[in-house]
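Protein chains: 2
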Amino acid sequence: MSTLPSRAKRKSGPERAAEIARTAREIARYDGLDAITLRAIAARIGVTPALVSHYEPSTEGLVATTFGAIAGAELAEITRELSALPSSVEALRALIDTLLGPDRSTVTTVWLDAWSVGRRNLALAREVGVQMDAWQAFLVALLNRGCARGEFAVADSGALAWQLLAIIDGINAHAVVRYGDARGQRDLVRSVAEHELGLPAGALAPAPAPA
Amino acid sequence: MSTLPSRAKRKSGPERAAEIARTAREIARYDGLDAITLRAIAARIGVTPALVSHYEPSTEGLVATTFGAIAGAELAEITRELSALPSSVEALRALIDTLLGPDRSTVTTVWLDAWSVGRRNLALAREVGVQMDAWQAFLVALLNRGCARGEFAVADSGALAWQLLAIIDGINAHAVVRYGDARGQRDLVRSVAEHELGLPAGALAPAPAPA
DNA sequence: GAGCCAGTTGATCACTTGATCAATAAGCCC
DNA sequence: GGGCTTATTGATCAAGTGATCAACTGGCTC
Numbered sequence: 001m002s003t004l005p006s007r008a009k010r011k012s013g014p015e016r017a018a019e020i021a022r023t024a025r026e027i028a029r030y031d032g033l034d035a036i037t038l039r040a041i042a043a044r045i046g047v048t049p050a051l052v053s054h055y056e057p058s059t060e061g062l063v064a065t066t067f068g069a070i071a072g073a074e075l076a077e078i079t080r081e082l083s084a085l086p087s088s089v090e091a092l093r094a095l096i097d098t099l100l101g102p103d104r105s106t107v108t109t110v111w112l113d114a115w116s117v118g119r120r121n122l123a124l125a126r127e128v129g130v131q132m133d134a135w136q137a138f139l140v141a142l143l144n145r146g147c148a149r150g151e152f153a154v155a156d157s158g159a160l161a162w163q164l165l166a167i168i169d170g171i172n173a174h175a176v177v178r179y180g181d182a183r184g185q186r187d188l189v190r191s192v193a194e195h196e197l198g199l200p201a202g203a204l205a206p207a208p209a210p211a
Numbered sequence: 001m002s003t004l005p006s007r008a009k010r011k012s013g014p015e016r017a018a019e020i021a022r023t024a025r026e027i028a029r030y031d032g033l034d035a036i037t038l039r040a041i042a043a044r045i046g047v048t049p050a051l052v053s054h055y056e057p058s059t060e061g062l063v064a065t066t067f068g069a070i071a072g073a074e075l076a077e078i079t080r081e082l083s084a085l086p087s088s089v090e091a092l093r094a095l096i097d098t099l100l101g102p103d104r105s106t107v108t109t110v111w112l113d114a115w116s117v118g119r120r121n122l123a124l125a126r127e128v129g130v131q132m133d134a135w136q137a138f139l140v141a142l143l144n145r146g147c148a149r150g151e152f153a154v155a156d157s158g159a160l161a162w163q164l165l166a167i168i169d170g171i172n173a174h175a176v177v178r179y180g181d182a183r184g185q186r187d188l189v190r191s192v193a194e195h196e197l198g199l200p201a202g203a204l205a206p207a208p209a210p211a
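So the protein sequences, as listed, match chains U and L.
Going by the UniProt record's numbering, 174 is the number at position 174 of the first sequence; the sequence numbering is gapless.
Going by the UniProt record's numbering, 184 is the number at position 184 of the second sequence; the sequence numbering is gapless.
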């Protein structure tokens, strides 16, 4: 027999709420921010749309929260990864490699959705601003740390951070449409960063695999 | 008396079709690509949704066409403006100024919409590719012309064109959210172009207003 | 084991979307 | 001016959206 539409197993409130949030993130990554729907979430969990609505009274808010969670999670992960690296130059190199690496397209598409949908969703627009500021602050801190350590010098770390992020976002946006070209473009970000930081050419080149 | 919903004045086929296309472009610029709706267009023209559907059997196709028209019109206009300039350096300078100038946000938002909506609209996705290729081809031609004239030198004009376009798109995307910062970022594009083309620093700086 | 709180449901609204089709009428041609 | 081509309409469908609410029931507490 096929599984009858039996009653969903009863879960604790926070548990169900977490499941809904997680499902929303999955949908956003796979099908886009505006595929987040009461019914889409409910169907995937095996639950009634009304239940989703019960935990998330505003779908617009859920979309904003979901975007913030995805963007924030990536920033948190990268922060963790880079913190293990000994020098700021290495951290910057790793940052560029990661942000322009393969398998980032799912996050990039979420950002593209956010920029577009944000015009109709105030909460989302606000969250986009928050996440952009968070990324810029993170990069500013990285640059300032490198300056303090004497690894490089920068006149206006705030402006440079915005510039590097803009280049990265532009390249990734292009890569979503014309996939595969992002790799060749990584050199651009590297050379701009090297130039602006007074680093020798090639300082941010990826470390050659140990022979 | 308020205007009764009288029957719309009968127009020739091509005329009405042009009116619909124009209206779709207006809606796209003001409210986004996904505000293009049978009813939105019909209401603005003062006509029945069925009539719009009659001229545009597929709304998805209309969205793709509309995007192509907006992007193509801008490229055509810029092509015309730059053709009047005597040198390639001046053309490049004017291009950067225009693409990062004020009042470009309406076109930028349409591009952002296109990148996002293109994932659910195959025709639109194709049109996005076409327009991106057209822009790159235009810039490649500009760069090659400058090389042929001996104004500057470039190793891989195709790659450089993609890079400059990516930077511009990234900056503009950011500007949609945090408006006002685009102006300060123009210098980045200029310095990258100068560096890659072997031009002296400041060669692409905007001409000072005549005293 | 009785009772009650809270998770869950089903039904249902109001709204928006794209699309179709027979019926109507406006304007052009002879 | 009669007739015919074609622009235009009104009605209507099916699908999908967010949201609400009374009713049901699972499982924990006493």
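Beta carbons: idealized from backbone N, C-alpha and C, even for Gly.
Integer-rounded CB distance, given that U:V110 should sit under 8 Å from U:A28: 6 Å
Limits of the unbroken alpha helix (DSSP H) element including L:E74: T59 to S83
Three-state class that DSSP yields for L:F152 in the structure shown: coil
Contact set for L:S87: own chain, Cβ-Cβ below 7 Å, skip 5 residues either direction: E151
Within chain L, the residues that U:T98 reaches when beta carbons sit closer than 9 Å: Here the premise fails: no neighbours, minimum Cβ distance about 17 Å.
Closest Cα partner of L:H174 within the set U:G118, U:G202 and U:I78: U:G118
Range of the contiguous alpha helix (DSSP H) that encloses L:V52: P49 to Y55
Contact test: L:A71 Cβ vs the ligand FMN heavy atom, cutoff 7 Å: Because no ligand of any kind appears in the structure shown, any question about the ligand FMN cannot be addressed here.
Supposed contact pair U:A166 and U:R190 - C-beta distance, whole angstroms, cut 8 Å: Not a contact, Cβ separation roughly 15 Å.
Proximity below 8 Å, CB of U:T59 to CB of U:R25: no
Chain U contact for L:W135 (CB, 8 Å cutoff): no
Cα-Cα separation, L:L199 to L:L92: 12 Å
9 Å Cβ cut-off: residues of chain U touching L:R119: D31, G32, T109, L112, D113 and V176
Exposed unless 16 or more other CB atoms sit within 10 angstroms - verdict on U:T106: exposed
Alpha carbon of U:L4 to alpha carbon of U:I20, nearest angstrom: In this prediction, U:L4 has a pLDDT of 49, which is less than 50 and means its spatial position is unreliable; what the coordinates show is noted afterwards. Whole-angstrom Cα-Cα distance: 22 Å.
Contact under 8 Å by Cβ, U:Q163 with L:Q136: no
Of the residues U:V177, U:L51 and U:T23, the one placed nearest L:L122, counting alpha carbons only: U:V177
Nearest candidate by alpha-carbon position, reference L:L142, set L:I45, L:L51, L:R80 and L:Y55: L:R80
Members of the region 151-178 of chain L near chain U, C-beta cut-off 8 Å: A159, W162, Q163, L165, A166, I167, I168, D169, G170, I171, A173, H174, V176, V177 and R178
Chain L contacts from the region 182-193 of chain U (Cβ-Cβ distance under 7 Å): G184, Q185, L188 and V192
Bounding residues of the alpha helix (DSSP H) (the contiguous stretch that carries L:I171): S157 to V177
C-alpha gap between U:A64 and U:A76, whole angstroms: 18 Å
Span separating the alpha-carbon of U:M1 from that of U:A69: Any reading at U:M1 must be qualified, since the residue scores a pLDDT of 42, below 50, and its modelled position is unreliable; the value itself is stated next. If you take the alpha carbons of U:M1 and U:A69, they lie about 39 Å apart.
L:L100 in three-state terms, based on DSSP: coil
Three-way DSSP call (helix, strand, coil) for U:S2 in this model: For U:S2, the predicted model reports a pLDDT of 40, less than 50, meaning its position is unreliable; a value from the coordinates is still stated below. Correct three-state label for U:S2: coil.
Any chain U beta carbon closer than 8 Å to L:G129: yes
Limits of the alpha helix (DSSP H) - the one that U:D113 falls within: S105 to V117
Below-8 Å beta-carbon distance, L:H195 vs any chain U residue: yes
When U:I171, U:G170, U:N172 and U:A161 are compared against U:A193, the one with the closest alpha-carbon: U:A161
Residues near U:V140 in its chain [Cβ-Cβ closer than 7 Å; skip 5 each side]: S157, G158 and A161
Whether U:V89 touches U:A203 by CB criterion (8 Å): yes
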